[in-house]
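Trainee:
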Amino acid sequence: MKLPFFAAKRDFVVETIDIDDAASLPRIHEEDFVRPWSEDEFADLLVQPNVFGFAAREVGNRRAGPLGFVLARQAADEAEILTIAVARSARRMGLGRSLMDAVLRALHAERTASLFLEVDETNAPAIALYRRLGFIRVGKRPDYYRQPGGERTGAIVMRRDLV
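Be aware that the sequence shown starts at 1, since it is given in the numbering used here, and climbs by one per residue.
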């Protein structure tokens, strides 16, 4: 599935992610996470039949790899966002929103009842995006994320009902 959109005078496309993308995902993931996932960890997820995702790419520049991606896992009538990341160089262009929209469309097509995610309580832009997308806070996990200095922050658990 390819979904074109336009931002900041650059053209982007959101398309289904595949195993060939595993090598390029850690470089984006490490910009946001103290313990980024490795190429092998991404590859292990991407071969699981209930894991799917999308990558945002600049049109005409596929060799450069994705500028953002999202991975989700579906089980029965529920799903969860496993991870989402957008390269710092491509932020504030709507990529995160477009990636989440692609997941929501895919889950609607599957008649999935709800989507869950966890977000660092200090990540105000992500929390704002998820609220705009209709997610509500349903819980909290204390000391879930480790910060660069070793400090720990909580995760807000959010849910969006889809049916």
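For glycine and all other residues, C-beta sits at the position ideal for the given N, C-alpha and C.
Use the C-beta contact count for L49: other C-beta atoms within 10 angstroms, 16 or more gives buried, fewer gives exposed.
Mentor: Position check: residue 49 holds Pro in this sequence, whereas Leu was assumed. Per the 10 Å Cβ criterion, exposed.
Trainee: Using a 10 Å radius around the Cβ and a threshold of 16 neighbouring Cβ atoms, would you call P148 buried or exposed?
Mentor: Classification of P148: exposed, given that the 10 Å Cβ count is below 16.
Trainee: How many angstroms separate the CA atom of A43 from the CA atom of L71?
Mentor: When rounded, the distance between both Cα atoms is 12 Å.
Trainee: Just confirm the distance between the C-beta atoms of V59 and D21, as a whole number of angstroms; I'd bet it's less than 8 Å.
Mentor: Actually they are not in contact, since the Cβ atoms of V59 and D21 sit about 17 Å apart, beyond 8 Å.
Trainee: Thinking L115 and I81 are a contact (beta carbons under 8 Å), I'd like their distance in whole angstroms, please.
Mentor: That belief holds up - the Cβ atoms of L115 and I81 are roughly 7 Å apart, short of 8 Å.
Trainee: By the three-class DSSP mapping on this structure, what secondary structure does A7 have?
Mentor: Because A7 carries a pLDDT of 46, less than 50, the predicted location of this residue cannot be relied on, and no value is offered for it.
Trainee: So F69 packs on G53, CB below 8 Å; how close in whole Å?
Mentor: Indeed, because the Cβ distance is near 6 Å, the residues count as touching under 8 Å.
Trainee: Based on DSSP bridge pairs, tell me the residues matched to Y144.
Mentor: According to DSSP, which records beta bridges pairwise, Y144 is partnered with nothing at all.
Trainee: With distance defined between alpha-carbon atoms, name the residue in G65, G154 and V119 nearest to T83.
Mentor: The shortest Cα separation from T83 among G65, G154 and V119 belongs to V119.
Trainee: Have a look at L133 and P142 and give me their C-alpha separation to the nearest angstrom.
Mentor: Cα-Cα distance, rounded: 24 Å.
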